[in-house]
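Residue numbers (the working numbering): -4 to 362.
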């Protein structure tokens, strides 16, 4: 690229971001990444992800691999979403990775709600694509209203500070062993509200698919979106949303601090010395036990499971030294140590999520 073209390209980008608040905030969210950065982009076909995609293209990000997972939950509508994403990728000349997932089977086998099962399968799919595409950065289209909904969902489920902190602008997920096996997850729209995304989509006439289930108030997220948040807007004004987001940021920083403290205790070994736990503050006991259970492969470690295991550290020696956990997993206390026993059935049920991705459906659609 000669100097004249280089200058014109960046003058054009500057003018776009100066005039458009969506592009300005998106550009700020991606400030650390030059335009030649290689990204994976999660694409559902909905408004948010399509606005992210078209915003990236407007900012001259071209090294994009789109990732679309069909959860097979909405029949023909899901297939139409898939076809729409294929058409958009071909129209824009972008590479696309596709897969289908056995979401209902995964949810049933692991005792998860459908939303949690879909989320786990989605991130597993992204990890598989990252390994295959040799790409270490994933962009997702979560915005500030998604963050509020997530915080409310977690609060109503009785979460701790980790849940109230919500999503991070940047997080990470291990996809393989080694220092280079980390997938960075970036949410560049997290400081944009839904209204700003809608405005951008209308101004640019961005095509997208409408998910009819977004109106179903039987789902907790939709009840929060369509009933709780509008009620709070009417009673307390729109500024309360910014206050809640600030609260989430404060809790995220405090959660990071607590995680650093927890990581000083080794949780990788199959046996945990409970006499070392007993003198510690209750909050730290819970964090250590939760981390240990997750490291041992116990799925969906909730408060009740942690408390059952913690009871083994405070009950007299004469009391029973065994508690039951989900999926026929048992926690035991013996000779000053905590350890787990898994039945053959529990090993079968707690299969890795990747086995619920239909491998023969993992497709590459060339640009």
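Heads up, the beta-carbon is just placed ideally off N, CA and C, and yes, glycines get one too.
Among 210, 323, 330, which residue has its Cα nearest to the Cα of residue 266? Your numbering for residue 266 matches position 271 in the chain shown. Ranked by Cα distance from residue 266, the options 210, 323, 330 are led by 330.
N- and C-terminal bounds of the alpha helix (DSSP H) containing residue 306: Mapped onto the chain shown, residue 306 falls at position 311. Counting along the chain, the alpha helix (DSSP H) containing residue 306 begins and ends at 298 to 306.
Within a Cβ cutoff of 7 Å, which residues of the same chain sit near residue 389, ignoring the five residues on either side of it in sequence? Because the chain here runs from -4 to 362, residue 389 falls outside it and cannot be looked at.
Reducing DSSP to helix, strand and coil, say where residue 59 ends up. Looking up residue 59 in the chain shown gives position 64. Strand at residue 59.
What is the residue span of the alpha helix (DSSP H) that residue 75 lies within? Residue 75 sits at position 80 when you count from the first residue of the chain shown. Counting along the chain, the alpha helix (DSSP H) containing residue 75 begins and ends at 70 to 87.
Around the Cβ of residue 252, are there at least 16 other Cβ atoms within 10 angstroms (buried) or fewer (exposed)? Indexing the chain shown from 1 puts residue 252 at position 257. When all chains shown are included, residue 252 counts as exposed.
Hey, residue 38 and residue 71 are a contact pair by Cβ (cut 8 Å); roughly how many whole angstroms apart? Reading the chain shown from its first residue, position 43 is the one you call residue 38. Reading the chain shown from its first residue, position 76 is the one you call residue 71. Contact doesn't hold; Cβ gap of about 19 Å is too wide.
Cα-Cα separation, residue 186 to residue 140: To locate residue 186, count along the chain shown from 1; it is residue 191. To locate residue 140, count along the chain shown from 1; it is residue 145. Roughly 9 Å separates the two Cα atoms.
Residues that DSSP places opposite residue 328 in a beta bridge: Here residue 328 refers to the residue found at position 333 when the chain shown is read from its first residue. Bridge partners of residue 328: 333.
Which term fits residue 83, buried or exposed, when burial requires 16 or more other beta carbons within 10 angstroms of its beta carbon? Translated into positions along the chain shown, residue 83 becomes position 88. Residue 83 should be labelled buried.
DSSP-derived helix/strand/coil call for residue 20: On the chain shown, residue 20 is found 25 positions in, with the first residue counted as 1. Looking at residue 20 - three-state DSSP - the assignment turns out to be helix.
I'd like the ranges of any alpha helix (DSSP H) spanning at least 4 consecutive residues and lying wholly in the stretch 208 to 238. 215 to 218, 224 to 231, all fully within the stretch 208 to 238.
From 103, 222, 163, residue whose alpha carbon lies closest to that of residue 240: One-based indexing of the chain shown puts residue 240 at position 245. Of the candidates 103, 222, 163, the one whose C-alpha sits nearest the C-alpha of residue 240 is 163.
Who pairs with residue 166 in a beta bridge, going by DSSP? Residue 166 sits at position 171 when you count from the first residue of the chain shown. Residue 166 is bridged by DSSP to 180.
So, under 8 Å CB-CB, residue 291 and residue 335 are touching, yes? Tell me the CB distance rounded to an integer number of Å. To locate residue 291, count along the chain shown from 1; it is residue 296. To locate residue 335, count along the chain shown from 1; it is residue 340. Their Cβ separation, rounded to whole angstroms, is 5 Å, which keeps residue 291 and residue 335 in contact under 8 Å.
In chain order, what residues of the same chain have a beta carbon less than 7 Å from the beta carbon of residue 349, not counting five sequence neighbours either side? Here residue 349 corresponds to residue number 354 of the chain shown, with the count starting at 1. So the qualifying residues of the chain are 119, 123.
Report yes if the C-beta distance between residue 98 and residue 113 is below 8 Å; otherwise report no. In the chain shown, the residue the question calls residue 98 occupies position 103. In the chain shown, the residue the question calls residue 113 occupies position 118. Going by C-beta atoms, residue 98 is nearer than 8 Å to residue 113.
First and last residue of the alpha helix (DSSP H) that includes residue 103? Taking the first residue of the chain shown as position 1, residue 103 is located at position 108. For residue 103, the enclosing alpha helix (DSSP H) stretches over residues 98 to 105.
Same chain, Cβ closer than 6 Å to residue 42, neighbours up to 5 away in sequence not counted: Taking the chain shown and counting its residues from 1, the one referred to as residue 42 is at position 47. Contacts found: 196, 203.
Measure the alpha-carbon distance for residue 49 versus residue 56 and round it to whole angstroms. Within the chain shown, numbered from 1, the residue matching residue 49 stands at position 54. Within the chain shown, numbered from 1, the residue matching residue 56 stands at position 61. About 10 Å.
Return yes when the Cβ of residue 352 is within less than 8 Å of the Cβ of residue 116, no when it is not. Sequence index remark: in the chain shown, residue 116 carries index 121 (1-based). Sequence index remark: in the chain shown, residue 352 carries index 357 (1-based). With contacts defined as CB atoms closer than 8 Å, residue 116 and residue 352 qualify as a contacting pair.
Measure from the alpha carbon of residue 96 to the alpha carbon of each residue in 121, 260, 158, then state which is nearest. Looking up residue 96 in the chain shown gives position 101. It is 121 whose Cα lies nearest to the Cα of residue 96.
Inter-residue spacing [alpha-carbon to alpha-carbon] between residue 182 and residue 165: By 1-based counting over the chain shown, the position of residue 182 is 187. By 1-based counting over the chain shown, the position of residue 165 is 170. Cα to Cα, the separation comes out at about 6 Å.
Residue 185 by DSSP, collapsed to three states: which one? For this step, residue 185 is matched to residue 190 along the chain shown. Correct three-state label for residue 185: coil.
Measuring alpha carbon to alpha carbon, tell me which residue in 327, 69, 228 is nearest residue 288. Sequence index remark: in the chain shown, residue 288 carries index 293 (1-based). Measuring from the Cα of residue 288, the nearest candidate turns out to be 327.
Could you tell me the alpha carbon to alpha carbon distance between residue 303 and residue 310, rounded to whole angstroms? Counting from one through the chain shown, the residue named residue 303 turns up at place 308. Counting from one through the chain shown, the residue named residue 310 turns up at place 315. In a straight line, the C-alpha of residue 303 is about 11 Å away from that of residue 310.
The beta strand (DSSP E) spanning residue 319 covers which residue range? Within the chain shown, numbered from 1, the residue matching residue 319 stands at position 324. Start and end: 317 to 320.
Just to confirm, is the Cβ distance from residue 109 to residue 64 under 8 Å? As a position in the chain shown, residue 109 is number 114, starting the count at 1. As a position in the chain shown, residue 64 is number 69, starting the count at 1. No, Cβ-Cβ distance for residue 109 and residue 64 is not below 8 Å.
Own chain, CB closer than 8 Å to residue 190, minus 5 neighbours either side, in chain order: Walking along the chain shown from the start, residue 190 turns up at place 195. Answer for residue 190: no residue qualifies.
Is residue 139 close to chain D? Criterion is C-beta to C-beta, closer than 8 Å. Given the protein chain composition of this structure (a single chain), no chain D is represented.
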